[in-house]
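Enquirer: My structure is below; once you've seen it, I'll send some questions.
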Amino acid sequence: MENQEKVQILKDIVAIKSVNGNEKEVAEYLSKLFKKYDIDSTFLEFEKDRDNLIVEIGNKNSEKVLAFSGHMDVVSAGNVADWTTDPFKPEIRDGKMYGRGTCDMKSGLAAMAIAMIELKEENAMFNGRLRLLATVGEEVGELGAEQLTKEGYVDDVTSMVIGEPSGYAGIVYAHKGSINFKVDSQGKNAHSSMPQLGVNAIDHLNDFYTRANQLFRSEIHTDEVLGDFIYNVTMISGGEQINSIPSEASLQGNIRTIPGYDNDVVIKKMNELIDELNQKETYHLTLTIEANKISVKSEKDSDIAKIAQQVAKKHVNVDIPMVGVSGTTDAAEFTKGKQAFPVIIFGPGNETPHQVDEYVDVDNYLEMVDIYKEMVTTYLN
Ligand SMILES: [Zn+2]
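Under UniProt numbering, think of the first position of the sequence shown as 1, with each following residue one higher.
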C-alpha cells in the first residue's frame, strides 16, 4: 500500500466523529477496507450504532494467537474554538497530523489494520493467527473489551499488543487500576434557624470525606513499577437553598490502585467506613462503585515484549524501555480472560491525548505499520 493511501485511511477515520458512540461507522469503514483486500470481518454489537470489530488472518497450525487491539472511540474535542483547525477535519502541518483521535488512538488502530492487510497481500507465512479486536467505549469504562472478553474472544490469545500511544518513550507492560465512586448522604430539610428539626446531609458527608482522606492518605502504598496508590475526591455537591438544612449531598472521586493494594481491598475498606458511620444516629450514607478496573502487571520480559524492543531497535534505532503507567486501558478487561497472557501497550503517539491540538507524527504512524508487521512475523514464525 502506498504511504499516501495509509495517510488517507487515518484521515478518513479521524474524520468520523466517534465521541463515546458511533463506533459502528469506524467499524464499517475498516470492514470495507479489509473486504477490498479479501479479508472478512465480524461485527459484535454492543448497542445501537456501537459495534466492536473482529478480524482474523493466519492459520491454525499452531496454538499461537497474537491479538492486536485498539479502541475506536475518542474523547470529546472540548472547546472547538481552542483548536487551530477543526478537530474532525484532520490536517497535516510540519509532518504532524492534527485532529481528535490522531494520537489516541486511531493512528495505532489504522497502523494495525494496515499491517494486517499488507501481511495478507505479501502472503506472509504464519505459524498461528493474528486477530484484530477493535473496541467500543474504551474511554468510558472499557465497554467493548469487557464484552469481547465475556464472549470468549480472548480465551485462546497467547499474547496481546494494544496500540495506545506510547510512542518510542516506553513499551508499557503495567498500569494502575481505577475506581470511580460516589457517596450519597441523605438528610432531612428544616429551616436553618431550627437545625434540630432536620438532618444535615453535608455534615455527614463531610465526616466521610475527612475519614476517607485519613484512611487512604495516612499510609503510603507503593508498587516498584507503578508508583503510589492514589485517592482523590474530585467532585462534591449538596444543599438546596441557603436557609435550609440540606437534605442531600454527594461526592465523587477517582482512585488509582496498584497490585498489593488493589480494588477489592480498597472497596472493602470504603464499605467498612460507610457501615461504621451509618451506626451513628441519623446517618444515611450510601456508596456506589461506578467503575471498577483492575491494575495490570504483565511480564516484563515476555516474548512479545522482547520482540517489540528488538524490532523497534532495528527499524528506528531506539532502545525502548519497559515501563509502567498510571492510565488504565482495555487490558484491564482483556486480562480477565480464561487464560493469562502477556500484554504490551505499544503504538504511535506522544503526550497529546485528550488535549487541544492533539496530533500524531506521520512518520511515527508509518513506521509503526512496518514495526507491527515484523512483530507479527517474528512472533508467529
Ligand atoms: Zn486511548
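Each residue gets a CB set at the ideal place from its N, CA and C atoms; glycine is no exception.
Here's the rule: buried if 16 or more other CB atoms are within 10 angstroms of the residue's CB, otherwise exposed. What is Leu197?
Expert: That one is exposed.
Enquirer: Ligand 1 and Met112: does the residue's C-beta get closer than 8 Å to at least one heavy atom of that ligand?
Expert: no
Enquirer: Taking the DSSP output, what are the residues bridged to Phe68?
Expert: According to DSSP, Phe68 bridges with Leu132, Val161.
Enquirer: Can you determine whether any heavy atom of ligand 1 sits closer than 8 Å to the C-beta of Met105, and answer yes or no?
Expert: yes
Enquirer: Give the secondary structure of Ala340 by DSSP, where H, G and I count as helix, E and B as strand, and everything else as coil.
Expert: coil
Enquirer: Suppose you measure from the CA of Lys106 to the CA of Arg129; what does that come to, to the nearest Å?
Expert: 23 Å
Enquirer: Beta carbon of residue 437: closer than 8 Å to some heavy atom of ligand 1?
Expert: The structure shown does not extend to residue 437, since the chain is modelled only from 1 to 381, so the question has no answer here.
Enquirer: According to DSSP, which residues form a beta bridge with Tyr261?
Expert: Partner(s): Ile258.
Enquirer: Closer than 8 Å by C-beta to Ser326: which residues in its own chain qualify, once you throw out the five before and the five after it? Chain order, please.
Expert: His175, Lys176, Leu226, Gly227, Ile230, Arg256
Enquirer: Can you give me the Cβ contacts of Ile16 inside the same chain, cut-off strictly under 6 Å, excluding the 5 residues immediately before and after it?
Expert: Scanning its chain for C-beta atoms nearer than 6 Å, with the 5 sequence neighbours on each side dropped, one finds around Ile16 the residues Glu25, Val26, in chain order.
Enquirer: On the DSSP bridge assignment, give the partners of Asp51 in chain order.
Expert: Glu45
Enquirer: If you draw a straight line from the alpha carbon of Ile57 to that of Lys48, how long is it in whole angstroms?
Expert: 27 Å
Enquirer: Identify whether Thr282 lies in helix, strand or coil by the three-state DSSP scheme.
Expert: Residue state, collapsed to three classes: coil.
Enquirer: In whole angstroms, what is the alpha-carbon distance linking Ile236 and Gln214?
Expert: 18 Å
Enquirer: Which residues in the same chain have their Cβ closer than 7 Å to the Cβ of Thr85, if we skip the five residues on either side of it in sequence?
Expert: Glu91, Tyr98
Enquirer: Distance, Cα to Cα, Lys373 vs Asp184?
Expert: 51 Å
Enquirer: Assuming contact is defined by CB atoms lying nearer than 9 Å, are Glu146 and Met1 in contact in what I supplied?
Expert: Here Glu146 is not near Met1, since their CB atoms are 9 Å or more apart.
Enquirer: Please report how far the alpha carbon of Asn364 lies from the alpha carbon of Gly95, in whole angstroms.
Expert: 10 Å
Enquirer: Does the count of Cβ pairs from the segment 200-213 and the segment 298-316 closer than 8 Å reach three?
Expert: no
Enquirer: Would you mind reading off the limits of the beta strand (DSSP E) that contains His175?
Expert: 171-175
Enquirer: Mapping the DSSP letters down to three states, classify Asn3 as helix, strand or coil.
Expert: helix
Enquirer: In whole angstroms, give me the CA-to-CA distance for Val369 and Glu290.
Expert: The alpha-carbon separation between Val369 and Glu290 amounts to approximately 37 Å.
Enquirer: Nearest by alpha-carbon distance to Asp262: which of Leu277, Arg211, Ile294, Phe43 is it?
Expert: Cα-wise, what sits closest to Asp262 is Ile294.
Enquirer: Just to confirm before moving on: does the CB-CB distance between Gly152 and Gly144 stay below 9 Å?
Expert: no
Enquirer: Going by the DSSP bridge assignment, what does residue 385 pair with across the sheet?
Expert: Outside the displayed span of the chain (1 to 381) sits residue 385, for which this structure offers no information.
Enquirer: Looking only at its own chain, which residues have a Cβ that is under 7 Å from the Cβ of Phe341, when we skip the five neighbours before and after it?
Expert: Val157, Thr158, Ser159, Met160
Enquirer: Would you call Thr329 buried or exposed, if buried means 16 or more other Cβ atoms sit within 10 Å of its Cβ?
Expert: Only buried fits Thr329, as 16 or more other CB atoms lie within 10 angstroms of its CB.
Enquirer: Expressed to the nearest angstrom, what Euclidean distance is found between the alpha-carbon atoms of Asn206 and Arg217?
Expert: 16 Å
Enquirer: Hey, quick one: how far does the beta strand (DSSP E) through His31 stretch, first residue to last?
Expert: The sequence shown places Ser at residue 31, not His. Ser31 -> not in any beta strand (DSSP E); alpha helix (DSSP H) instead, spanning 23-36.
Enquirer: Please say whether Leu287 and Asn127 have beta carbons closer to each other than 9 Å?
Expert: no
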